[in-house]
Every structure is written in C-alpha cells, then in structure tokens.
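In what follows, a structure is listed as structure tokens, so that the remarks can point back to it.
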Amino acid sequence: MQQYAWIIENRELLTLALDAILFLICMVIVVKTHRIFKISEHGGIRYFRNAFLFYGLAFVSRYLLSVNYELIENFTLNPLYMVITWLLYEFFFVMAGFFLLYSLLWRRFGGKSSSLFNGPIFILYSLALIIAILDFFWLGYDIMFFSQIIVFSFAGGIAFEKYGANIGGGGFLRLYLSVILLMLLTRIIHFFVSSFFEWNTFGIITVYSLEIFTFLLFLYGIIKVTRE
Amino acid sequence: MMSKKREHMQVIKDILNAIRESREIKPTRLLYASNLSPQMFKDYVDELLGKNFINIKVDEDGKKTISLAKKGNSFLEEYKTIEKFIDNFGL
Numbered sequence: 390m391q392q393y394a395w396i397i398e399n400r401e402l403l404t405l406a407l408d409a410i411l412f413l414i415c416m417v418i419v420v421k422t423h424r425i426f427k428i429s430e431h432g433g434i435r436y437f438r439n440a441f442l443f444y445g446l447a448f449v450s451r452y453l454l455s456v457n458y459e460l461i462e463n464f465t466l467n468p469l470y471m472v473i474t475w476l477l478y479e480f481f482f483v484m485a486g487f488f489l490l491y492s493l494l495w496r497r498f499g500g501k502s503s504s505l506f507n508g509p510i511f512i513l514y515s516l517a518l519i520i521a522i523l524d525f526f527w528l529g530y531d532i533m534f535f536s537q538i539i540v541f542s543f544a545g546g547i548a549f550e551k552y553g554a555n556i557g558g559g560g561f562l563r564l565y566l567s568v569i570l571l572m573l574l575t576r577i578i579h580f581f582v583s584s585f586f587e588w589n590t591f592g593i594i595t596v597y598s599l600e601i602f603t604f605l606l607f608l609y610g611i612i613k614v615t616r617e
Numbered sequence: 028m029m030s031k032k033r034e035h036m037q038v039i040k041d042i043l044n045a046i047r048e049s050r051e052i053k054p055t056r057l058l059y060a061s062n063l064s065p066q067m068f069k070d071y072v073d074e075l076l077g078k079n080f081i082n083i084k085v086d087e088d089g090k091k092t093i094s095l096a097k098k099g100n101s102f103l104e105e106y107k108t109i110e111k112f113i114d115n116f117g118l
C-alpha cells in the first residue's frame with residue numbers, strides 16, 4: 390500500500406519524468422533511423438521518422454503544459470502560455486498518429502518531394518489544428534483521443550492485412566502489428582480515463598506505462614533491424 | 028507477395044549492381060542490363076541522379092558514361108537492412 394500512496398503523492402513528478410523518458414525514446418528512434426533514411430530517401434521511412442519526431446515534440450509540449458501548474462506552487466497561470474502549449478501538444482500528438490498511419494499508406498498518394506509540405510499532409514495539418522482548437526474550447530482531450538482511436542483502428546487493420554499477406558514470407562513483423570494494437574489500446578484507455586474516470590491516478594500511470602512499453606517495443610524493433 | 032515498392036527497390040539495386048560490376052557503363056548497355064523499357068529506364072536514371080546515387084560523365088564527343096556515386100555504393104551495402112526495415116514496418 391505504501392508504494393500506491395507514494396504514486397498518488399508524486400503523480401505530477403512521475404508523469405513529468407515519464408514524459409521526459411518518452412521524449413528521449415522518440416529522439417533515439419529518429420536518430421537511429423537517420424542513416425537508412427539518408428541512404429535510401431525512402432518515402433515510407435521519411436513519414437515513419439516524422440511520426441516519432443512529432444511524438445517527441447508532443448511529449449515535450451505535454452511536459453511544458455504540465456510543468457507550469459503542477460510543479461510550481463502558487464503559479465499564476467499565464468493564459469497565453471497555456472493556450473500555446475495545449476494547442477501544440479494536441480497538434481503534434483494528432484499529427485504524429487496521422488504520420489504513422491500515412492507511413493503505411495503513402496504509396497497510394499504517390500511520392501512527394503517534401504514529407505512535411507504537400508497536399509495530403511496539409512489536409513492532415515488542418516484536421517489536427519481543428520481537433521486541437523475544438524478540444525481547447527471544450528476544455529478536454531476527448532476529440533483528440535477519439536481521433537487517435539479511429540487512426541489506430543485503421544492502422545491496425547492495415548497492419549493486420551500486411552501481416553496476413555506476409556505470413557510465411559517473414560516480412561511484416563508480428564511485433565509491429567502488436568505495437569499498433571497496443572497503441573490502440575492505450576488510446577482507448579486514455580479516452581476512458583480522461584472522459585469517465587476524472588484522470589484517475591492509476592489510470593494515468595497505466596497509460597504512461599503502456600506508452601513507454603509501446604515506444605520501447607518500437608525502439609527494440611528498429612534496433613533489431615538496423616543492427617543486423 | 029512482392030510489393031510494388033519492393034520491385035522498385037529491387038530494380039534500383041539491380042541497376043546499381045550493374046554499374047558497380049562495370050565500374051563505368053554506357054547508358055545503352057545499362058538499359059539492356061536493367062531489362063526495362065526505355066521510358067522506365069529514363070525515369071529510373073533520373074531518380075538515381077536526383078538521389079545522387081549515380082554520376083553521368085559526358086566526354087568530348089558527347090558520349091555519356093554512368094558511374095556509381097558514393098551514396099549509391101552505400102545504398103548497395105545497406106540494401107538488405109533497408110529492405111528489411113521497409114518490410115518489417117510495412118512501409
């Protein structure tokens with residue numbers, strides 16, 4: 390029971406530390422995939438890296454959003470600071486999910502000279518911005534989590550299809566399919582914890598732990614391939 | 028099942044391998060070696076030039092020779108890793 394009490398008492402510090410770890414994992418993934426992207430200039434690898442770059446930026450924004458009112462006693466909330474960090478967090482987080490899904494679908498839209506500035510990506514930017522603004526005005530994260538549940542349901546379906554097509558051929562990692570499904574599960578739990586359980590401490594710690602586990606699995610898969 | 032992209036990557040690998048084997052190769056010989064239609068061959072050569080995988084040298088008589096650039100060589104060396112990465116993450 391003592392450790393549970395400790396978790397409840399130190400929830401803010403714990404979530405900040407976990408955000409910092411998540412940011413580091415994302416940056417390691419971006420760095421680890423730099424070489425093979427530089428050599429191949431492969432469109433899919435480009436969008437895959439963008440996803441982790443945006444996840445990294447999202448976790449930094451979440452860290453900055455939390456740190457001001459959770460750690461500084463008697464902190465007078467600067468509305469502008471809060472608006473900016475909130476919008477950035479949601480925008481980067483939603484875009485990261487979009488980029489991960491897009492990395493599985495990019496061939497259908499053809500190769501583009503830029504992965505950050507092209508027609509389909511501008512549509513996704515606009516969607517992410519709309520989601521962030523709507524959530525901000527409703528003071529919640531429901532639309533963001535719900536959008537991510539949809540994104541990862543699609544990604545899970547595509548991953549399952551690709552895995553099925555490659556059974557026996559070795560190709561598509563079973564691990565990747567599991568990771569996508571874990572991400573979907575994490576988003577569902579996050580949605581329920583924020584919408585129906587008033588940010589329950591154990592719910593939040595579960596979400597963060599699942600997030601770390603999922604990103605570590607991504608990193609493991611990447612290291613495994615690039616090391617060989 | 029071979030994906031379209033894998034075929035694409037495979038063609039790039041085959042073209043670069045043909046260049047590496049000859050060190051320097053004339054476009055016509057490379058076209059035969061690549062087993063592509065002239066239009067497709069042109070598209071691939073343009074792509075490889077754009078990615079700095081190959082160099083094209085034109086001599087005084089206007090004859091062209093194609094050689095492998097450093098980046099093209101790195102691509103061939105890392106081809107298996109790149110292919111595996113793309114396969115494993117469904118890219």
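Going line by line, the protein sequences match chains R and Y.
Taking the numbering used here, the leading residue of the first sequence gets 390, the next gets one more, and so forth.
Taking the numbering used here, the leading residue of the second sequence gets 28, the next gets one more, and so forth.
From the three backbone atoms N, C-alpha and C, an ideal C-beta is built for every residue, glycine too.
For clarity, every value in this text was computed on a predicted model and none was experimentally measured.
Following the DSSP letters along the chain, one finds T590 of chain R inside the alpha helix (DSSP H) bounded by residues T590 to R616. For D114 of chain Y, the closest of R:Q537, R:V483 and R:L493 by C-alpha to C-alpha distance is R:L493. Every alpha helix (DSSP H) stretch that sits fully inside the stretch 534-588 of chain R and reaches 4 residues is listed by chain position as 563-585. W495 of chain R and K551 of chain R have their C-alpha atoms spaced approximately 14 Å apart. For the C-beta of E105 of chain Y, the chain R residues within less than 7 Å are, from N- to C-terminus, I425 and I428. The distance from the Cβ of L476 of chain R to that of F535 of chain R is about 18 Å, inconsistent with a contact at the 8 Å cut-off. Residue-level contact by beta carbon holds for G117 of chain Y and chain R, with a gap shorter than 9 Å.
Beta-bridge analysis with DSSP links V85 of chain Y to Y:K91.
Pairing F412 of chain R with F448 of chain R gives a Cβ-Cβ distance under 9 Å. In terms of Cβ geometry, A440 of chain R and F488 of chain R form a close pair [threshold 9 Å]. Closer than 9 Å to the CB of W527 of chain R there is not a single CB belonging to chain Y.
With 16 or more other CB atoms across the displayed protein chains lying within 10 angstroms of its CB, Q537 of chain R is buried.
When the alpha-carbon of F549 of chain R is set against those of R:S515, R:M533 and R:V568, the nearest one is in R:V568. Leaving aside the five residues that flank R438 of chain R on each side, the residues in its chain whose CB is nearer than 7 Å to its CB run, in chain order, V419, T422 and F426. Per DSSP, reduced to three states, the secondary structure at E51 of chain Y is strand. Nearest to L446 of chain R by alpha-carbon distance, out of R:Y478, R:D531, R:V472 and R:N399, is R:Y478.
Nearest to A485 of chain R by alpha-carbon distance, out of R:I510, R:E398, R:P468 and R:N467, is R:I510. By the rule that beta-carbons nearer than 9 Å mark a contact, H579 of chain R does not touch chain Y. N115 of chain Y: member of the alpha helix (DSSP H) spanning K97 to N115, first to last residue. The beta carbon of M36 of chain Y falls within 9 Å of a beta carbon belonging to chain R, placing the residue at that interface. For the stretch 82-102 of chain Y, the beta-carbon criterion of a distance under 8 Å to any beta-carbon of chain R is satisfied by K98, S101 and F102.
Remark: C-beta atoms of K40 of chain Y and F116 of chain Y do not approach each other more closely than 9 Å. For F525 of chain R, the uninterrupted alpha helix (DSSP H) run begins and ends at G508 to F526, by DSSP. Taking CB atoms only, K69 of chain Y has no neighbour in chain R less than 9 Å away. Taking 9 Å as the cut-off, the beta carbon of L118 of chain Y is found closer than this to the beta carbon of G433 of chain R.
With respect to the 9 Å criterion, A521 of chain R and V582 of chain R are not classified as neighbours on the basis of their beta carbons. Of all residues in the stretch 499-524 of chain R, none places a beta-carbon less than 7 Å from a beta-carbon of chain Y.
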